[in-house]
Amino acid sequence: MGWYLVAFKKYAVFSGRSCRKEFWCFVMSNMMLNLLLALLFFLHSFLSRSLFTVDQFIVVVLAFNLLTLLPTIGVSIRRLHDINRSGWFILLNAIPVFGTLLLIFLLSLEGSIGDNRFGEDPSWVTSRSSPITI
1077 MGWYLVAFKK YAVFSGRSCR KEFWCFVMSN MMLNLLLALL FFLHSFLSRS
1127 LFTVDQFIVV VLAFNLLTLL PTIGVSIRRL HDINRSGWFI LLNAIPVFGT
1177 LLLIFLLSLE GSIGDNRFGE DPSWVTSRSS PITI
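Listed below in structure tokens is the structure:
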């Protein structure tokens, strides 16, 4: 949970670097929360025998995804910085299928060791201080 909150604390920080753990914990947590929302809507409509409309479900999921959009962009750009790539590589996501797959591949690469042009190595920073814990 700590890594998820780190990404939210730096929601509008587009400089510096983020390690793979910070990025993937944030992305996977968002995916799990989206699945949880879907499950809650399904269970509520099943148990109460009244179906939520698709519109209501879309509004809730869209609101959640809009809430996490800026932190997602921020942590993605910082992750690209960790592999010594420009944040503009995030625009690969605009290319259907191939661009998204290439971006996922890039975001999965190990970060450059030591300092690079975007800042100090986040794996070194995190080894000196642990993330926020609850």
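So the sequence shown is numbered by the working numbering: it starts at 1077 and just counts up by one.
For each residue, glycine too, the CB sits at the ideal point set by N, CA and C.
- Straight across, the Cα-Cα distance linking residue 1165 with residue 1124 is about 46 Å.
- Judged by pairs of C-beta atoms under 8 Å, the region 1090–1097 touches the region 1147–1167, as three or more such pairs exist.
- Per DSSP, reduced to three states, the secondary structure at residue 1160 is coil, with no helix or strand assignment.
- With a cutoff of 8 Å on beta-carbon distance, residue 1099 and residue 1151 are scored as near each other.
- Selection 1197, 1107, 1163 evaluated against residue 1186 yields 1197 as nearest (Cα-Cα).
- In terms of CA proximity to residue 1085, 1148 leads the group 1148, 1170, 1161, 1168.
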